Ligand SMILES: Nc1ncnc2c1ncn2[C@@H]1O[C@H](COP(=O)(O)OP(=O)(O)OP(=O)(O)O)[C@@H](O)[C@H]1O
Ligand SMILES: [Mg+2]
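Chains as they are written, first to last, in this note's numbering: chain Z, 92 to 356; chain R, 6 to 244.
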C-alpha cells in the first residue's frame, strides 16, 4: 500500500515578472491536515506563490500537484499556459482562496455569495446549498447578516463571509493571503478566531500572515520566504527558539520591534 | 396665450409620436446589440477586430448625424451598385435610412459605454470567481455582466435620451414624426413658437418617462447601494 499523496505539493515553482524573478524554485508539500504559515518580508513573493497554486498566476516552471493530480501546462508564446481549462477550473474549485481584500461579489447578498459556486460550479441542489451556507454563516458568526450586501458589513464580517464562501466548496486545501491585513486592529481577532477554529478541525491550510504570534500558535510548520527561495522552515517552536538562519532572525527581530512600537503607540 | 391653438397643435403632432418612439426603440435595441459586439471587438485584444471597431467609433462619433442621414438617404442612391443591390429596397425607404444612421450612431457611443462598464468590473471580484472555478460564459453571465450592467446603466440611460432627441433629425429625410409635424404646422400657420413649444413638451414628456424607467431599473438592480436591510428576525426569540 502506498501512502496517500500530500494534499498539496509544489515542485520547483519559478515565477518571473519580466526581468524580475520573484520565485526561484519553491518546493513544498502540505500533508492532509497540516497548517503551514508562510512568512516573509513585503515583496518576497508570498502572494505570488499562493496565486501560482491556483493558477491566478501561471508559474514559469515547476509543478503544482493537488491531491496527487498535477496541473498540466503546455508551452505558449512567452511561457506556458494550462493545457486544460477545465482541469484548472476543477482544481481551483478544490482550493479555497481567501483574499486580503475579501473580494466578495458586491451585487449579491452574503448568502448568495456563499451559494454561488456550489450551485453554479458544483451544480449542487440549491436548497442543499442554502442549508449548508446558513450553517457555515452561523459557524463564522454572521448568520444574521445573510441577507445583507457586502457593502453593509464591516471588514471583519466581510472576511468571515469570504471564508464561508471558500468553505462552501468543500475545499481540499484552504489558501489564505494575509486575511487580516486589510482590517482595523479591533476586527483582526474575530477573523483569527475563525481561522484558528478551522485549523483545530484538521483542515489543510496555507496561510500567509504578518501575525507572527498567530502563526506560531496555529501553524504546524513555518516557511520563511526570502528573495524567492525558502530560506528556512520547521515547527514554529523550534524555529523561534533557535533561528536557523540569520535572515530569519533579523526578520523576527524587526517584527518584534514593530509590534513593540505599535503596542507603545 | 392661445390655448385652443396649442391644443390644436398638440392633436396634430400626437400622430407623430409612434414614429418617434419606433425609431428610438428600434435603433436603440439593435444598436445595443452592435454596441456589445463593438465593445467585445475592442476588448478582444485582437488587432484585426479592434481596428475596425475603433474606426467605426471614430467615424460615427466624429461626424454629424444629420450628414450621416443625408449621405445614406440621398447620397447612396447616386451609385449604381447600391441601386442594384439587395439592400436597395431598404435604402430607398427613408425610415430604414434614418434607422440605419441612428442605429450605427448609437452603436458607436453605446460601445464606449459598454466597454467602460466592462472595464469598471473590479478585477478582485473576477479573480474571486476564477478562484471558485468559474470561467468562460459562466463567469461572464454570473459575475462580469451583472456588475458591468450596473456600472453602464446610468450612462446608457443618457444615451437613450439622446437618441429620442436625435430622431428629430429624421424629419429631414421626409419622415413624419414629432418634429416633422411641428414644422408642417409652422409652414401653414407661421406660428413657430407654439408649434415647437408643443413638440418640445412632447419630447420632454417622453424623456421624463424614460429617465424614470431607467432610474427604477437602477434602483431595482442596486439594493447593495442602498441602506442595509432591517436585521433578520432572530429565530431563537420566536420560541
Ligand atoms: N502582476 C505583477 N506584475 C509585475 N510584478 C509583480 C506582479 N505581482 C507581483 N509583482 C512583484 O513581485 C514581487 C512579489 O510580490 P508579492 O505580492 O508576491 O509579494 P508579497 O510577499 O505578497 O508582499 P506583501 O507582504 O507586501 O503582500 C514584488 O516585487 C511585486 O512588485
Ligand atoms: Mg502579498
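Ideal Cβ placement from N, Cα and C applies to all residues, glycine included. A quick note: this is a predicted structure, and the numbers were derived from the prediction, not measured.
Under the Cβ criterion of 7 Å, residue 140 of chain R is counted among the residues facing chain Z. Taking each of Z/162, Z/203, Z/184 in turn and checking the Cα distance to residue 174 of chain Z, the smallest one comes out for Z/162. Contact annotation: in the region 96-112 of chain R, no residue has its CB less than 8 Å from a CB in chain Z. Secondary structure in the region 313-347 of chain Z: the beta strand (DSSP E) runs of 3 residues or longer, each lying completely within the stretch, are 320-325 in chain order. Contact annotation: residue 247 of chain Z and residue 274 of chain Z have beta-carbon atoms nearer than 7 Å.
For residue 124 of chain R, no chain Z residue has a C-beta closer than 9 Å to its own C-beta; the minimum C-beta separation is roughly 16 Å.
The alpha-carbon of residue 131 of chain R is positioned some 7 Å away from that of residue 148 of chain R. Within the same chain, and ignoring the five residues on either side of residue 211 of chain R in sequence, the residues whose Cβ sits closer than 6 Å to its Cβ are 169. Look at the beta carbons and you see the region 46-64 of chain R touching the region 112-120 of chain R: at least three pairs across the two are nearer than 8 Å. Contact of residue 207 of chain R with chain Z is not assigned, every C-beta pair being separated by 7 Å or more. Placement of the Cβ of residue 106 of chain Z at a distance of 6 Å or more from every heavy atom of ligand 2 is found. For the region 171-188 of chain Z, the beta-carbon criterion of a distance under 9 Å to any beta-carbon of chain R is satisfied by 176, 177, 179, 180, 181, 182, 183, 184, 185, 186, 187, 188.
Remark: the C-beta of residue 192 of chain Z is outside contact range of ligand 2, defined as less than 6 Å to any heavy atom. Using a cutoff of 6 Å, the CB of residue 116 of chain Z does not count as near ligand 1, since none of the ligand's heavy atoms is closer than that.
In this structure, residue 164 of chain R lies away from residue 175 of chain R, with their beta-carbon atoms at least 7 Å apart.
Taking one beta carbon from each stretch, the region 217-226 of chain Z and the region 287-306 of chain Z have fewer than 3 pairs nearer than 8 Å; the two do not touch.
DSSP places residue 193 of chain R inside the alpha helix (DSSP H), whose first and last residues are 183-194. Residue 99 of chain R is classed as buried because its beta carbon has at least 16 other beta carbons within 10 Å across all chains shown.
Residue 160 of chain R places its beta carbon 7 Å or farther from that of residue 219 of chain R. A distance below 6 Å between beta-carbons, with the five flanking residues on each side excluded, links residue 25 of chain R to the following residues of its chain, in chain order: 172, 182, 183. Taken in chain order, the unbroken stretches of alpha helix (DSSP H) that lie wholly in the region 200-259 of chain Z and span 4 residues or more are 201-211, 217-230, 246-258. Among the residues of chain Z, those whose CB is under 7 Å from the CB of residue 129 of chain R are 190, 192, 194, following chain order. Residues of chain R whose Cβ lies closer than 9 Å to the Cβ of residue 242 of chain Z are, in chain order, 229, 230, 233.
For residue 111 of chain Z, the enclosing beta strand (DSSP E) covers residues 111-121. Residue 143 of chain Z is classed as buried because its beta carbon has at least 16 other beta carbons within 10 Å across all chains shown. No heavy atom of ligand 1 is found nearer than 6 Å to the CB of residue 279 of chain Z. In terms of Cβ geometry, residue 316 of chain Z and residue 327 of chain Z do not form a close pair [threshold 7 Å]. Counting only the Cα atoms, residue 190 of chain R lies some 17 Å from residue 6 of chain R.
Residue 197 of chain Z reaches chain R at 127, 130, 152, 229, counting residues in chain order whose Cβ is nearer than 8 Å. Here residue 281 of chain Z is buried: its Cβ has 16 or more other Cβ atoms, across all protein chains shown, within 10 Å.
Within the same chain, Cβ atoms closer than 6 Å to the Cβ of residue 212 of chain Z are found at 184, the five residues on either side in sequence being excluded. With respect to chain Z, the C-beta atom of residue 136 of chain R has a partner C-beta closer than 7 Å. DSSP, read as helix, strand or coil, puts residue 154 of chain Z in strand.
CA-CA distance, residue 322 of chain Z to residue 232 of chain R, rounds to 49 Å. DSSP, reduced to helix, strand and coil, places residue 308 of chain Z within a helical segment of the structure shown.
The residue among R/213, R/137, R/153 with its C-alpha nearest the C-alpha of residue 262 of chain Z is R/137.
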